[in-house]
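K.L.:
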Amino acid sequence: MASYKAALDGLHRYLSHHVPLTKAEFSQLLPYIEIREFEKKVKVIDKGEIERYLNVIAWGLVRKYLPVRNREITVGLASEGHIVHSELSFHYRTPSGTVIETIEPTVFFSISYDNLQALYDHFPKAERLGRLLISDLYIRKDNRYFDQLLKSTRERFLQYVRTHPQMMQRVPQKYIASYLNIKPETFSRLKHLMRPGRR
Amino acid sequence: MLELLRQYVSDYAALTDEDFALLAAKIVVRNFDKHVKLIQPGETERYMNFVTKGLVRMYFYKGRTEVVTVLARERELISASASFLSGEPSNYFVETLEPTTLLSITRDDLEEVYRMSPRVERVGRLMTTQFVLVKEEWEQEYMRLDTRERFIRFVERDPELIQRVPQKYLASYLNMKPETFSRLKHLLKKRPVNGR
Numbered sequence: 001m002a003s004y005k006a007a008l009d010g011l012h013r014y015l016s017h018h019v020p021l022t023k024a025e026f027s028q029l030l031p032y033i034e035i036r037e038f039e040k041k042v043k044v045i046d047k048g049e050i051e052r053y054l055n056v057i058a059w060g061l062v063r064k065y066l067p068v069r070n071r072e073i074t075v076g077l078a079s080e081g082h083i084v085h086s087e088l089s090f091h092y093r094t095p096s097g098t099v100i101e102t103i104e105p106t107v108f109f110s111i112s113y114d115n116l117q118a119l120y121d122h123f124p125k126a127e128r129l130g131r132l133l134i135s136d137l138y139i140r141k142d143n144r145y146f147d148q149l150l151k152s153t154r155e156r157f158l159q160y161v162r163t164h165p166q167m168m169q170r171v172p173q174k175y176i177a178s179y180l181n182i183k184p185e186t187f188s189r190l191k192h193l194m195r196p197g198r199r
Numbered sequence: 200m201l202e203l204l205r206q207y208v209s210d211y212a213a214l215t216d217e218d219f220a221l222l223a224a225k226i227v228v229r230n231f232d233k234h235v236k237l238i239q240p241g242e243t244e245r246y247m248n249f250v251t252k253g254l255v256r257m258y259f260y261k262g263r264t265e266v267v268t269v270l271a272r273e274r275e276l277i278s279a280s281a282s283f284l285s286g287e288p289s290n291y292f293v294e295t296l297e298p299t300t301l302l303s304i305t306r307d308d309l310e311e312v313y314r315m316s317p318r319v320e321r322v323g324r325l326m327t328t329q330f331v332l333v334k335e336e337w338e339q340e341y342m343r344l345d346t347r348e349r350f351i352r353f354v355e356r357d358p359e360l361i362q363r364v365p366q367k368y369l370a371s372y373l374n375m376k377p378e379t380f381s382r383l384k385h386l387l388k389k390r391p392v393n394g395r
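Chains as they are written, first to last, in my numbering: chain A, 1 to 199; chain B, 200 to 395.
(1) Run through the DSSP bridge pairs and tell me what A/THR106 is partnered with.
(2) Could you list the residues in the segment 232-251 of chain B with a C-beta less than 7 Å from some C-beta on chain A, going in chain order?
(3) When DSSP labels each residue in this structure, what does A/SER188 get in the three-state scheme?
(4) Evaluate contact between the segment 277-294 of chain B and the segment 227-245 of chain B, counting only Cβ atoms and requiring at least three cross-stretch pairs below 8 Å.
(5) Going by alpha carbons, who is nearest to B/ARG229 out of B/PHE259, B/ILE277 and B/ARG382?
(6) Does the CB of A/HIS192 have a neighbour CB from chain B at under 8 Å?
(7) Restricting to runs no shorter than 4 residues, where is the alpha helix (DSSP H) found entirely within the segment 7-36 of chain A?
(8) Does DSSP put B/GLU244 in a helix, in a strand, or in coil?
(9) Quick one: give me the first and last residue of the beta strand (DSSP E) that B/THR268 is part of.
(10) Spell out the partners DSSP gives B/MET257 in its beta bridges.
(11) Would you call the segment 96-103 of chain A and the segment 3-15 of chain A in contact, with 3 or more CB pairs under 8 Å?
(12) If you count every other CB in all the chains shown that lies within 10 Å of the CB of A/ILE35, and 16 or more means buried, which is it?
(13) What would DSSP say about B/ARG395, mapped onto helix, strand or coil?
(14) Residues in the same chain with beta-carbon distance under 6 Å from B/ARG349, minus the five sequence neighbours each way, listed in chain order, please.
(15) What residues of chain A sit near B/ALA224, judged by a beta carbon separation below 8 Å?
(16) Could you name the residues of the same chain whose beta carbon sits closer than 6 Å to that of A/GLU104, not counting the 5 residues immediately before and after it, in chain order?
(17) What would DSSP say about B/PHE249, mapped onto helix, strand or coil?
(18) Does the contact criterion of 3 or more C-beta pairs under 8 Å hold for the segment 341-359 of chain B versus the segment 374-385 of chain B?
(19) In this structure, does DSSP put B/PHE231 in helix, strand or coil?
(20) Roughly how many whole angstroms lie between the Cα atoms of B/SER285 and A/ILE139?
(21) Pull up the CB-CB distance for B/SER282 and B/GLU244, whole angstroms please, since I reckon it's below 8 Å.
(22) Less than 8 Å between the CB atoms is what I'm expecting for B/PRO298 and B/PHE249, so what's the real figure, rounded?
(23) Kindly confirm or deny that the segment 260-270 of chain B and the segment 204-215 of chain B touch, where touching means at least three C-beta pairs closer than 8 Å.
(24) DSSP on A/ARG71, reduced to helix/strand/coil?
(25) Counting only beta-carbon atoms, is B/VAL331 nearer than 8 Å to chain A?
(26) How far does the alpha helix (DSSP H) with A/ASN143 in it reach, from first residue to last?
(27) Any heavy atom of the ligand ZN closer than 7 Å to the Cβ of B/ASN230?
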């Protein structure tokens, strides 16, 4: 069973991967952080709302999607230890175009926009931490963009299965298919590649 | 030229004269003719560049088709930024479209200035955030808007580029066929664009 202690230790390790933080330094960050809990299938932020928080997932699973006409395009699937927020809305303070919805019961470590600015002003290492986290976000975004455009359907499927085996169990198939930009029928067909003994 | 850069970074965070001097000491001026490739796939991007004169595009090949992802002109940054930030080889070409002057700084030098000045590091954080947001916005518009909507949005936001950038690159940037782009140009006549 997940515990807050373990999740906080995970957060400490995650941040220290970018900028080493002592236990004392990490505990200075905690007053800025809120813990938010959600049931499954709850919209954490809806289209048109202004995103107040940047969230790191303590445990649980969410998807982020873009409603386009009568479709929902899944643009993100995030589990423990990942950052999720509606970034354009959060930074520009404008209504969100994307929706973030829980798939499982989920707990976030969240920092509000105002607290984040205060943290940057009062905590000297935050500036570097923020820069490196954002830089990392950009690099991953660019890699995903390339994979979508240049890799074949089959390659995208296999890469995702290899790098996210647990997500295949946890995420409804239609969301993964949408995230990988693969038709649901094609996705079902590709699942035979997952059987043992096949590559 | 440095004054242009100073104005630009001041929009992100207030720098003291000392802060800016640290940055300016590391800047090199680079001049290029038009149609010069600054970086190609497989090479690692060494520079973050600020355009003081000229026009630059970033693109890659999808099969045999060029896909233009960035058009940068005066007072804008250009770099194979994912490669610059990660230190991994670039997936993109960066090429000048006009004779171009860049103010450039290497990754190592920039890191050194960050260590000396938290305020310059703040500028770095905010610019990197801006990269993420521009990319996010581009991707969302790509998914949400149809061809005609993308064209109109672009013309409203960037009327000047229509004059300066060869049509085939603009079409590629907007993810449409050159023929479609030509056809949509009649919309320009119906919607007078400010001052042009």
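C-beta: ideal position from N, C-alpha, C; glycine also.
P.N.:
Let me spell this out:
(1) Within the first sequence, residue 106 of chain A is the residue found at index 106, counting from 1. Per DSSP, A/PHE38.
(2) none
(3) Here residue 188 of chain A is taken as the residue at index 188 of the first sequence, counted from 1. It is helical.
(4) yes
(5) Working through the second sequence from its first residue, we reach residue 229 of chain B at position 30. Among B/PHE259, B/ILE277 and B/ARG382, the Cα nearest to that of B/ARG229 belongs to B/ILE277.
(6) Stepping through the first sequence from its first residue, residue 192 of chain A is reached at position 192. By this cut-off, A/HIS192 is not an interface position.
(7) 23-29
(8) Residue 244 of chain B sits at position 45 when you count from the first residue of the second sequence. Three-state DSSP puts B/GLU244 in coil, outside helix and strand.
(9) In the second sequence, counting from the first residue as 1, residue 268 of chain B sits at position 69. Counting along the chain, the beta strand (DSSP E) containing B/THR268 begins and ends at 264-272.
(10) The residue given as residue 257 of chain B occupies position 58 in the second sequence. In the DSSP output, where bridge partners are listed per residue, B/MET257 has B/VAL269 and B/VAL293.
(11) no
(12) Here residue 35 of chain A corresponds to residue number 35 of the first sequence, with the count starting at 1. The residue is exposed, with fewer than 16 neighbouring Cβ atoms inside 10 Å.
(13) Here residue 395 of chain B refers to the residue found at position 196 of the second sequence. Any answer about B/ARG395 is weak, because its pLDDT of 43 lies below 50 and its placement is not dependable; what the coordinates show is given next. DSSP places B/ARG395 in coil when its eight states are reduced to three.
(14) Numbered from 1 along the second sequence, position 150 holds the residue referred to as residue 349 of chain B. LEU373, listed in sequence order.
(15) Residue 224 of chain B sits at position 25 when you count from the first residue of the second sequence. Within 8 Å Cβ-Cβ: nothing; B/ALA224 doesn't reach chain A, min ~21 Å.
(16) What you label residue 104 of chain A is simply residue 104 of the first sequence in a count that begins at 1. Counting only Cβ-Cβ distances below 6 Å, and skipping sequence neighbours, we find LYS40, GLY60 and LEU61.
(17) Here residue 249 of chain B refers to the residue found at position 50 when the second sequence is read from its first residue. The answer is strand: DSSP assigns B/PHE249 an E or B state.
(18) yes
(19) Numbered from its first residue, the second sequence carries residue 231 of chain B at position 32. Strand at B/PHE231.
(20) Position 86 of the second sequence, counting from 1, holds the residue named residue 285 of chain B. Position 139 of the first sequence, counting from 1, holds the residue named residue 139 of chain A. B/SER285 and A/ILE139: Cα-Cα distance of roughly 7 Å.
(21) The sequence position of residue 282 of chain B within the second sequence is 83, counting from 1. The sequence position of residue 244 of chain B within the second sequence is 45, counting from 1. About 4 Å separates the two Cβ atoms, so the contact holds.
(22) The count along the second sequence starts at 1 and reaches residue 298 of chain B at position 99. The count along the second sequence starts at 1 and reaches residue 249 of chain B at position 50. That belief does not hold up - the Cβ atoms of B/PRO298 and B/PHE249 are roughly 16 Å apart, past 8 Å.
(23) no
(24) Position 71 of the first sequence, counting from 1, holds the residue named residue 71 of chain A. It is a strand residue.
(25) Start at 1 with the first residue of the second sequence, and residue 331 of chain B comes out as number 132. For B/VAL331, the answer is yes, since a Cβ of chain A falls inside 8 Å of its Cβ.
(26) Position 143 of the first sequence, counting from 1, holds the residue named residue 143 of chain A. That run of the alpha helix (DSSP H) goes 126-150.
(27) As far as ligands go, the structure on display features none, and thus does not contain the ligand ZN.
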